[in-house]
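In this text, residue positions in the sequence shown follow my numbering: the first is 216, and each later residue adds one.
Idealized CB from N, CA, C, for every residue including glycine.
In this text, all values refer to a predicted model and were calculated from it rather than measured experimentally.
This report concerns only the one structure given below.
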Amino acid sequence: MAKVKSSKKADAPVSTKKRAKKQEEVKQKQEGVFEDADNVENIENKENKNKEIKDVKHKETTEIKESEKKEQEYNKEKKGTENKEIDLKHSNEIENSQPEINIGLIGHVDHGKTTLTERLTGKWTDTHSEEIKRGITIRLGYADAIFRKCVKCSKYLLTKNCECSGETFAVRKVSFVDAPGHESLMATMLAGTTIMDGALLLVAANEQCPQPQTREHLMALQIVGITKVIILQNKIDLVDKEKAFKNFKQIQEFIKGTPYELAPIIPISAKHNINISAIVGAIQKLVPTPQRDVTKTPSMYVARSFDVNKPGIDISKMKGGVLGGAVKQGVFNVGDEIEIRPGYVVEEKNQKVYKPLTTKIVSIISGGISMDKIYPGGSMALMTSLDPSIVKSDKLTGAIVGLPGKLPNVYYELTLETHLLERVVGAKEDVVVEPIKKMEPLMLNVNSAATVGFVTELSKNKIKCQLKLPVCCEVGSRITISRRIGTRFRLIGYGILK
């Protein structure tokens with residue numbers, strides 16, 4: 216009995232330990248649950264706090280971005296305003312400056328050259344009485360235009376107001392040279408090519424292409440080295456769509472295989488002012504202003520000379536003779552002493568001899584504006600102190616102007632290395648170019664001068680010509696050669712002065 220009691224008393228502590236352990240586990244679990252709850256709460260608080268921080272940062276970033284955006288817009292607007300001011304300032308400078316380039320208008324007679332010149336410049340260049348009477352261009356015509364660009368739609372145009380209501384500003388001033396297209400006036404056209412930087416070749420859509428002078432004029436450009444050419448298919452208002460496309464294909468076939476094969480062909484109607492802005496855009500894109508050398512000794516080709524005094528004017532109010540043309544190189548200033556070669560003709564020992572002229576530049580006009588100095592570029596005019604009778608009626612056309620003692624030699628005889636074409640250009644019939652014969656008269660275009668030369672000596676690819684009128688030119692000059700075929704002189708090649 217005693218052992219049993221003893222056994223019961225011994226088991227009691229074990230039961231108490233288990234109970235205590237279980238209670239401890241329950242307590243730990245409860246504490247763990249509470250701890251987890253605290254952790255969850257802490258995590259939530261932390262997340263909320265992070266979210267608040269994130270929201271603040273996002274707000275700050277957004278504000279910074281908005282601020283930067285506003286600043287960029289402000290700077291852009293400010294820059295735009297500055298650019299606009301610069302553009303307007305530059306625009307005013309262009310409007311009051313000389314033209315930068317000369318663009319020739321060439322092509323067959325009555326294909327719309329003078330009409331287009333008027334559309335581009337606002338000036339009708341056929342002002343000579345005979346031109347008005349006959350309705351054709353006889354002398355070289357000159358007129359200027361200001362090319363403009365729209366700020367809003369970037370379109371090139373000639374007017375101050377754009378169709379899109381955007382503002383426009385001047386981008387370049389250009390001179391246009393309207394050359395005669397009649398076959399009898401080829402010498403005048405060739406003289407005009409001397410001062411051209413590029414050309415617009417007009418082809419009438421209502422006629423077969425090419426016409427004789429279309430072919431002859433394009434070959435002349437090739438010979439003198441004019442590479443910038445834009446072809447204009449004019450008078451599209453006179454034909455239907457089918458005929459216009461047929462003529463377009465003829466033009467493409469005509470220029471195929473020539474240096475102008477890739478020249479753009481723009482359909483226009485000069486009469487109805489259609490696609491004129493496309494011409495302006497094409498010139499801006501394809502005929503850049505060439506690099507000019509203003510450091511060389513100045514020289515100028517005279518393409519026109521005339522008397523501006525009206526009949527009956529008082530002698531005290533008379534003005535000196537005017538020389539029109541383009542500066543080839545260097546710079547001329549008002550007040551400069553100048554020399555003109557070959558000059559004027561005098562008789563000495565029963566022979567006609569040319570004497571250089573010396574005079575002073577009284578004023579300079581270019582683009583309708585009086586200037587203190589003139590650079591190489593577009594057409595211009597020098598007002599001199601010469602007697603008007605010496606220059607009237609283009610008497611000095613073909614001369615060269617420069618500083619005294621600085622001009623090239625005057626030649627009464629030329630030795631040329633000849634380069635002849637295979638076929639005559641400009642004749643309606645297909646004529647093979649025959650070898651040049653001794654004592655044959657040839658028309659020679661030297662710079663802006665035209666003279667007749669009689670062949671005195673012949674050798675392989677070389678001729679010597681005695682000139683009817685002397686010319687002033689440099690060794691290495693390229694001279695066009697035309698031969699009399701029927702009643703007209705036709706282009707047959709060119710020569711290099713040796």
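Looking at the backbone, the Cα of P314 and that of P591 are separated by about 9 Å.
Closest option to S380, judged by alpha-carbon separation, among K364, V386, R387, V389: K364. Within the DSSP bridge table, the entry for T573 names E554 as partners. Residue pairing from DSSP places I489 in a beta bridge opposite S484. In the three-state reduction of the DSSP assignment, G407 falls in the helix class. Annotated three-state conformation of T671 is strand, per DSSP. Within the DSSP bridge table, the entry for M654 names no partner. About 4 Å separates the beta carbon of K683 from that of V667, a gap short enough to meet the 8 Å contact definition. In the pairwise beta carbon analysis, the stretch 409-426 is classified as touching the stretch 442-460: at least three pairs are separated by under 8 Å. The DSSP-derived three-state label of T633 is strand.
A direct Cα-to-Cα measurement between I605 and D393 gives close to 25 Å. A straight-line Cα-Cα distance of about 43 Å links F463 and K607. Note that the C-beta distance between V495 and K443 is not below 7 Å.
In the structure shown, T383 falls within a strand segment according to DSSP collapsed to helix, strand and coil. Taking C-beta atoms as the reference points, I528 and E632 fail to come closer than 7 Å.
Taking the CA atoms as reference points, T702 sits about 48 Å from K375. Here A478 carries a coil assignment [DSSP, helix/strand/coil]. The C-alpha of S697 is placed about 7 Å away from the C-alpha of L659. Contact check for G593 against S369 fails: the beta carbons are separated by 7 Å or more. Taken through DSSP and simplified to helix, strand or coil, I528 comes out as coil. Around the beta carbon of P526, a 10 Å sphere encloses fewer than 16 other beta carbons of the protein chains shown; the residue is thus reported as exposed. In the three-state scheme derived from DSSP, where H, G and I count as helix and E and B as strand, K456 is classed as helix.
Ranking K471, T473, A459 by CA distance to the CA of I481 puts A459 first. Here T702 carries a coil assignment [DSSP, helix/strand/coil].
For D359, DSSP records a beta bridge to S390. Across the structure, I410 and A665 are spaced so that their CA atoms are roughly 14 Å apart.
The C-alpha of Q499 lies about 29 Å from the C-alpha of T695. V639 has its alpha-carbon roughly 14 Å from the corresponding atom of Q426. Separation of the CB atoms of M598 and V616 is rounded to 13 Å, and the pair is thereby denied contact status at 8 Å.
If you ignore the 5 residues before and after K621, its C-beta comes within less than 6 Å of the C-beta of T512, all in its own chain and listed in chain order. By the Cβ test, the stretch 551-564 is not in contact with the stretch 503-510, since fewer than three Cβ pairs between them sit closer than 8 Å. Relative to the Cα of E476, the nearest Cα in the group I466, I483, S312, K534 belongs to I466. With a contact defined as Cβ atoms closer than 8 Å, T612 and V517 qualify at about 6 Å.
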